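Here this note's numbering is used: the first residue of the sequence shown is 30, the next is one more, and so on. No residue lacks a Cβ here, since even glycine has one placed at the ideal position from N, Cα and C. None of these values were measured; they are calculated from a predicted model.
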Amino acid sequence: MTETLPDHLLLTALDHARDGIVITDIRTPRNAIVWANEAFIQMTGYDREALIGKGTRFLMGSRTRPTAAALFRKALNTGSRALVTVSTVKADGNEFWNEISMAPVSEGEGAVRYYIGVCRDVSERIAAQEALLASEMRIETVEEAVAAPTYDPVTRLYNRHYVEEYAEREWLLLQRQQRPLTLFLIELQGLEALEQDQGASAANAVLEQAADALRSVFRRGMDLVARFDAYHFLASASGMGWDESEPMARHALEALAPVLEEREGLCARVSAVTAVPEDHLSVDELIQKAQAELERARVKGESLRVAALD
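Pasting the structure below:
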């Protein structure tokens, strides 16, 4: 028969563990911390008095991905085990990557009252993974540059192949940082008719001027503008949120106006779509959403559509 150890002996053993250990009471509205070992105190820098009674939410850092936070909440709500990596805020305001192995503790008739979390600082591992990913991306960039042309000969902008690959790389990096990506799809309506009436040289002249105008708009270090196809441009703006996308789209329309007003029948339309990268989303979906919004603008006779992908 297995002997049951006294509670104080178990807590003493936990207090001497190398990993940080915290116990919370899930019956409280904030999943309050009721006990933390010395390793967790050292890991976070908080005084024990500052931790006990506080909800776990105040420890959750801004870099925590929504999917990780959702997994954390789901485990608490369902009384299940989980292994989740979140960003945790230290007492000095800095954040570290915290891998938490969380498990319910039942009492009485099986009702879960407490959760125990075994915490490990995995910041070095995450940094190594990010460095490896960035290195792989640089290698892929060089290989792709050798394998395929990256510039459009008419506008001297990047071409569709390059901007799609670039947006995909930015998507992966921004997903780790939990920062938004906005894509702008810009259409030059009437350019096809101009090409049929006056020839390719006339259409190319408009494309060159339009490209120069868009360069003057998307000029942040995190912006990239490219020729998407015969009559469309695509601009990628890393870190730009939904609230910034509409002013930027209007700026693009204003910059294009002098170019298009010189020739009858030409006008521009812009769709801007923003997303915070998640596992269940992709750059392709963001582009498709931009195309769909541009089509809605065309049907409704609008010059601008702004949307978010979620």
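For residue i, three-class secondary structure by DSSP
i	result
Q238	helix
N106	helix
R59	coil
M277	helix
L289	helix
A46	coil
F247	coil
D150	strand
Q320	helix
Q207	coil
Euclidean distance between Cα positions of residue i and residue j
i	j	result
I316	S230	29 angstroms
A98	E307	13 angstroms
E136	T57	16 angstroms
Q206	S311	16 angstroms
M251	T41	52 angstroms
L223	T184	17 angstroms
A239	I62	59 angstroms
P276	R110	46 angstroms
M269	F247	11 angstroms
D241	L282	13 angstroms
P178	A259	17 angstroms
L80	T303	38 angstroms
D4	R142	Here the chain covers residues 30 to 339 and nothing more, so residue 4 does not appear.
A156	N127	13 angstroms
D150	E197	29 angstroms
F69	S130	14 angstroms
L253	Q227	30 angstroms
Burial state of residue i (16 or more Cβ within 10 Å)
i	result
Y144	buried
N123	exposed
F87	exposed
P209	buried
R340	One cannot answer for residue 340 here, as it falls past the ends of the chain, which runs 30 to 339.
Which residues DSSP lists as bridging residue i, in chain order
i	result
H190	None; H190 has no bridge partner.
R256	F262
S130	L112, V147
G84	A61
(message) Could you check whether the region 317-325 touches the region 208-219, counting it as contact only if at least three pairs of C-beta atoms, one from each stretch, sit closer than 8 angstroms?
(response) Segments in contact, yes.
(request) Kindly confirm or deny that the region 106-120 and the region 66-76 touch, where touching means at least three C-beta pairs closer than 8 angstroms. (result) Counting Cβ pairs under 8 angstroms, three or more are found: they touch.
(message) If contact is defined by three or more beta carbon pairs under 8 angstroms, each pair taking one atom from either stretch, is the region 279-291 in contact with the region 231-239?
(response) A contact between stretches requires three or more CB pairs, one per stretch, nearer than 8 angstroms, and the region 231-239 meets this requirement with the region 279-291.
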